[in-house]
Amino acid sequence: MTEKNTPAPVSTPAAFAARPLRVAIIGAGPAGVYAADILTKAERDFDLAIDLFDRYPAPYGLIRYGVAPDHPRIKGIVKALHKVLDRGDIRFFGNVDYGTDLTIAELREHYDAVIFATGAINDADLNIPGIELDGSHGGADFVSWYDGHPDVPRSWPLEATQVAVLGNGNVALDVARVLSKHAEDLLVTEIPENVYRGLAESPVTDVHVFGRRGPAQVKFTPLELRELSHSHDVDIVLYPEDFEFDAASDTAIKTNNQVKTMVGTLTNWLIEQEEREERGEAAQGTESGRPRRRLHLHFLHSPVEVTGTDGKVSGIRFERQELDGTGNARGTGELVDYPVQAVYRAIGYFGSALPEIEYDGRTGTVPNLEGKVLDAAGTQVPGLYATGWIKRGPVGLIGHTKSDAAETIAHLLADLNELPVAANPATEAVPALLAAKDVAYTTWDGWLALDAHEQALGAAADPAPTHEGPVARERVKVVDRAEMVAVSRGVDEPAASRG
Ligand code: NAP
Numbered sequence: 113m114t115e116k117n118t119p120a121p122v123s124t125p126a127a128f129a130a131r132p133l134r135v136a137i138i139g140a141g142p143a144g145v146y147a148a149d150i151l152t153k154a155e156r157d158f159d160l161a162i163d164l165f166d167r168y169p170a171p172y173g174l175i176r177y178g179v180a181p182d183h184p185r186i187k188g189i190v191k192a193l194h195k196v197l198d199r200g201d202i203r204f205f206g207n208v209d210y211g212t213d214l215t216i217a218e219l220r221e222h223y224d225a226v227i228f229a230t231g232a233i234n235d236a237d238l239n240i241p242g243i244e245l246d247g248s249h250g251g252a253d254f255v256s257w258y259d260g261h262p263d264v265p266r267s268w269p270l271e272a273t274q275v276a277v278l279g280n281g282n283v284a285l286d287v288a289r290v291l292s293k294h295a296e297d298l299l300v301t302e303i304p305e306n307v308y309r310g311l312a313e314s315p316v317t318d319v320h321v322f323g324r325r326g327p328a329q330v331k332f333t334p335l336e337l338r339e340l341s342h343s344h345d346v347d348i349v350l351y352p353e354d355f356e357f358d359a360a361s362d363t364a365i366k367t368n369n370q371v372k373t374m375v376g377t378l379t380n381w382l383i384e385q386e387e388r389e390e391r392g393e394a395a396q397g398t399e400s401g402r403p404r405r406r407l408h409l410h411f412l413h414s415p416v417e418v419t420g421t422d423g424k425v426s427g428i429r430f431e432r433q434e435l436d437g438t439g440n441a442r443g444t445g446e447l448v449d450y451p452v453q454a455v456y457r458a459i460g461y462f463g464s465a466l467p468e469i470e471y472d473g474r475t476g477t478v479p480n481l482e483g484k485v486l487d488a489a490g491t492q493v494p495g496l497y498a499t500g501w502i503k504r505g506p507v508g509l510i511g512h513t514k515s516d517a518a519e520t521i522a523h524l525l526a527d528l529n530e531l532p533v534a535a536n537p538a539t540e541a542v543p544a545l546l547a548a549k550d551v552a553y554t555t556w557d558g559w560l561a562l563d564a565h566e567q568a569l570g571a572a573a574d575p576a577p578t579h580e581g582p583v584a585r586e587r588v589k590v591v592d593r594a595e596m597v598a599v600s601r602g603v604d605e606p607a608a609s610r611g
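Under this note's numbering, think of the first position of the sequence shown as 113, with each following residue one higher.
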């Protein structure tokens, strides 16, 4: 944690001179863990007790269930979050659903403040005809599947040979990369068994990614773009007619290094492709005998309709766009069709409503002022706070969540004297309540057991056949919720019955 995220010192409030300030954080993803860490590090002369709850039996939220398995850089973040939770000054309660297993009234009875850090896991809607057809999917749903989310079905329909992925953000690239990679190249990761088996059966040959603006307006990031070229036996295909740059694009290329890098990468790929075509080097097969797959990057295509046959996706129609000088796109009236059998919209995540607190259905967030939760009239609700994507919407990289948490924690600390003091702050009251309700909660020791179990499954599995020879699998994720809970609770068995 950096110095700038350390809140200003606060003086002891009367209520917390004799006992710790008790804070519940709902959501053990990066937002919740960063908030807990920043709060524990605040300069203060009173004690603190933080309980971190998650509806899943394991911690790490979107890192475990949103980051693609072949993104090893993110492991660094897991290590940092692990370190925070392993210190022992923050209690973890997994498999506890806010609103069902713990109500707001119960939280208020036992905690002086509650911070919601529940993130956003659903797909934003795309309202075009045909979006409801069989074979049209949300990208976030697919991410949940390949990341072994316990609450999504174990199988995923992968029957399409040609696929469209809508959107030009990092999620679109994740979805397109996982769809186009040969399944055995993912074995080196923590990929669950059912996902490997599903992907191994996929007959896909062509994955098309469509952005509605130009190459200088993409939302993905340079590393993630370059990573596409690292997939073995997958060719990237670009289209010269999509390389349009307006005045705003030129300015962005000159003033923004990230844009300059990405436009440079895309332009180099296009030049290399044209050189290969001139030399007549059309890709035919692969050294390993695997069929080559293609990942096409299209720009200036705005989706207008998913077309279907017998209720199933059979194509997608776009209106070609042109840039308007400001970096925005406008329709040209020209319609283009692509035959595809599956469509994945990856046009953004969207937060879900939380029971018993206000929700803004327009933005998918909890209404708040810099993290202070507001009621329907726009008045601060004492003792309730929000941080992360449920606070500010699903934008920004994981690191941005730290400054966001610092802002929320600074407000909580400034409000100390006005917090609604918990009537029953006993340390063991909440575990006892959960046990009485037969909630099979998991603990940090339980997670350590599950973590070790998954790593052991990885070590015991057949090695992954990589291009550099066989490599041991780092872990095999356990997907089934009951199995996760059983493995976790086998080590640290509280009084409650198994769930
Ligand atoms: P995003 O970055 O906001 O990208 C959404 C994309 O969807 C944009 O290209 C947007 O185009 C497009 N879009 C929106 N509405 C559309 C419509 N009606 N028709 C066609 N296209 C539409 O969202 P995201 O990809 O879900 O990512 C969310 C955040 O997580 C981002 O900050 C992302 O960087 C981060 N993330 C990072 C990684 C990583 O590996 N580092 C992985 C996953 C996610 P316009 O720009 O024209 O609106």
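From the three backbone atoms N, C-alpha and C, an ideal C-beta is built for every residue, glycine too.
May I have the straight-line CA-CA distance separating residue i from residue j, to the nearest angstrom?
i: Y553; j: L174; result: 20 Å
i: V375; j: Q385; result: 15 Å
i: T438; j: A359; result: 7 Å
i: H413; j: D259; result: 29 Å
i: D166; j: F204; result: 8 Å
i: T377; j: H320; result: 18 Å
i: S525; j: N536; result: Per the sequence presented here, residue 525 reads as Leu, with Ser not at that position. Whole-angstrom Cα-Cα distance: 21 Å.
i: A180; j: A129; result: 45 Å
i: P315; j: W268; result: 13 Å
i: A584; j: T513; result: 33 Å
i: R601; j: G558; result: 6 Å
i: L311; j: Q274; result: 14 Å
i: K293; j: A272; result: 14 Å
i: N440; j: P262; result: 39 Å
i: D362; j: D449; result: 30 Å
i: V597; j: G279; result: 36 Å
i: T444; j: Y210; result: 48 Å
i: V349; j: L409; result: 6 Å
i: F254; j: A232; result: 15 Å
i: S248; j: A126; result: 57 Å
i: Q433; j: L164; result: 47 Å
i: Y471; j: V455; result: 30 Å
i: P132; j: R156; result: 11 Å
i: I189; j: H222; result: 31 Å
Leaving out five residues on either side along the sequence, give the residues of the same chain with a beta carbon under 6 Å from the beta carbon of residue i.
i: A517; result: Y146, A147, I150, T499
i: P532; result: P494, G495
i: T215; result: none
i: L285; result: F332, E336
i: D213; result: V551
i: G420; result: G242, L245, S426
i: A576; result: L299, V300, V583, R585
i: K372; result: I365
Check the C-beta distance from residue i over to residue j and give it rounded, since I have them as a contact under 8 Å.
i: V300; j: T578; result: 6 Å
i: R457; j: G251; result: 6 Å
i: V418; j: G242; result: 3 Å
i: V416; j: L245; result: Their Cβ separation, rounded to whole angstroms, is 14 Å, which puts V416 and L245 out of contact at 8 Å.
The alpha helix (DSSP H) with residue i in it runs from where to where?
i: A584; result: Element bounds for A584: n/a, residue is neither H nor E.
i: Y146; result: 142-153
i: Q274; result: Note, Q274: premise wrong, no alpha helix (DSSP H); beta strand (DSSP E) at 274-278.
i: D557; result: 556-572
i: V321; result: No alpha helix (DSSP H) holds V321; the beta strand (DSSP E) holding it covers 318-322.
i: K187; result: 187-198
i: S267; result: That residue, S267, is in no alpha helix (DSSP H); it is neither H nor E in DSSP.
i: V346; result: From DSSP, V346 is part of no alpha helix (DSSP H) but of the beta strand (DSSP E) over 346-350.
i: H512; result: 512-526
i: A312; result: 305-312
With DSSP as the reference, label residue i as helix, strand or coil.
i: L340; result: helix
i: F357; result: coil
i: Q453; result: coil
i: R203; result: strand
i: Y258; result: helix
i: P606; result: With a pLDDT of 45 at P606, under the threshold of 50, the modelled position of this residue cannot be trusted, and the question is left open.
i: Y461; result: strand
i: S600; result: helix
i: E387; result: helix
i: A165; result: According to the sequence shown, residue 165 is Phe rather than Ala. It is a strand residue.
i: N440; result: coil
Here's a check: name, in chain order, each residue in its chain whose Cβ is nearer than 7 Å to the Cβ of residue i, leaving out the five neighbours to either side.
i: K589; result: G260, E302, P304, E566
i: A170; result: R176, G206, W559, L562, M596
Considering just the uninterrupted stretch of the beta strand (DSSP E) at residue i, what are its terminal residues?
i: T421; result: 413-421
i: A225; result: 225-228
i: T578; result: 576-578
i: E431; result: 424-435
i: G495; result: 492-498
Please return the same chain residues whose Cβ sits closer than 8 Å to the Cβ of residue i, not counting the five positions on each side in sequence.
i: V485; result: F228, I469, E470, V478, P479, Q492, V493, L496, Y497, A498
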